[in-house]
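Asks: Below are the structure tokens for one structure; questions will follow.
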Amino acid sequence: MPGGRLSHKNSGKLVRQLLFSEALLQMKGPPLLRRRHSHLPHTTVWNVSSRKFPQLAIDWRGWIVQWFHGLRKRNMEIASFQTRVLGLEQRVSTVEAHTSSFQDRDQELRCLRSKLTDLEDRSRKDNVHFLGFPEDIEGEDLHGFLRDMLPRLTGITFEPPLDFQRAHRLGPRRPGTDTHPDQL
Numbered sequence: 005m006p007g008g009r010l011s012h013k014n015s016g017k018l019v020r021q022l023l024f025s026e027a028l029l030q031m032k033g034p035p036l037l038r039r040r041h042s043h044l045p046h047t048t049v050w051n052v053s054s055r056k057f058p059q060l061a062i063d064w065r066g067w068i069v070q071w072f073h074g075l076r077k078r079n080m081e082i083a084s085f086q087t088r089v090l091g092l093e094q095r096v097s098t099v100e101a102h103t104s105s106f107q108d109r110d111q112e113l114r115c116l117r118s119k120l121t122d123l124e125d126r127s128r129k130d131n132v133h134f135l136g137f138p139e140d141i142e143g144e145d146l147h148g149f150l151r152d153m154l155p156r157l158t159g160i161t162f163e164p165p166l167d168f169q170r171a172h173r174l175g176p177r178r179p180g181t182d183t184h185p186d187q188l
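Going by this note's numbering, the sequence shown opens with residue 5, and the numbers climb by one from there.
Shown next, in the form of structure tokens:
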């Protein structure tokens, strides 16, 4: 269409294309059309008689209806998959958030365990163990026994007198006896 004009050669082609496009829009089925001279696009002639158009229209309608039903079905399947994917994405993000939270808590727990071990080690620094005392020598008052015994054993007079936060025997009781172990 140079210069807005239709040449005789192009006008026939355009008319055929328009007629065929209009026929396709009205029909709903796969056409059983044959092209003659397919190697020459400008001389393409569709070999369809006017008697076959009503049947072709019925065939095309059925085909297009099936095609649209198939498209609707695929669209519904895609929508279903999208819904499932969105649900899975939400679940994954929730799991990631929980995992991050658990990792933070694990790190905090490790830090607290380290601090606890350090505090236990520091608290044991001032512990004193006495070995070799016979069982039940201390009587009922282990604190009083140690306050009296330590100055005698070391030869040191403690001013002010010794004060113990805790005093007890260490280890399990000996089997078959009701006495305490011999570590103080």
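Built from N, CA and C at the ideal position, the CB exists for glycine as well.
1) Can you find the residues in the same chain that come closer than 6 Å, C-beta to C-beta, to Thr87, ignoring five residues on each side of it along the sequence?
2) Look at Leu157 and Phe168 and say whether their C-beta atoms are less than 8 Å apart.
3) Buried or exposed: Trp71, going by 16 or more other Cβ atoms within 10 Å of its Cβ?
4) Comparing C-alpha positions only, which one of His73, Ala101 and Arg173 sits nearest to Gly143?
5) Alpha carbon to alpha carbon, what distance is there between Gln107 and Thr98?
6) To test your reading of the DSSP string, which unbroken alpha helix (DSSP H) runs of 4 or more residues are found completely within the region 94-182?
7) Just confirm the distance between the C-beta atoms of Leu146 and Ala171, as a whole number of angstroms; I'd bet it's less than 8 Å.
Replies: On the basis of the supplied data:
1) Excluding five sequence positions before and after Thr87, none of the CB atoms of its chain fall closer than 6 Å to its own CB.
2) In this structure, Phe168 does not lie closer than 8 Å to Leu157 by Cβ.
3) Exposed is the call here.
4) Here the closest residue by C-alpha is Arg173.
5) The straight-line gap from Cα to Cα measures roughly 14 Å.
6) Entirely contained in the region 94-182, the alpha helix (DSSP H) runs reaching 4 residues are, in chain order, 146-158.
7) Yes, they are in contact, since the Cβ atoms of Leu146 and Ala171 sit about 5 Å apart, within 8 Å.
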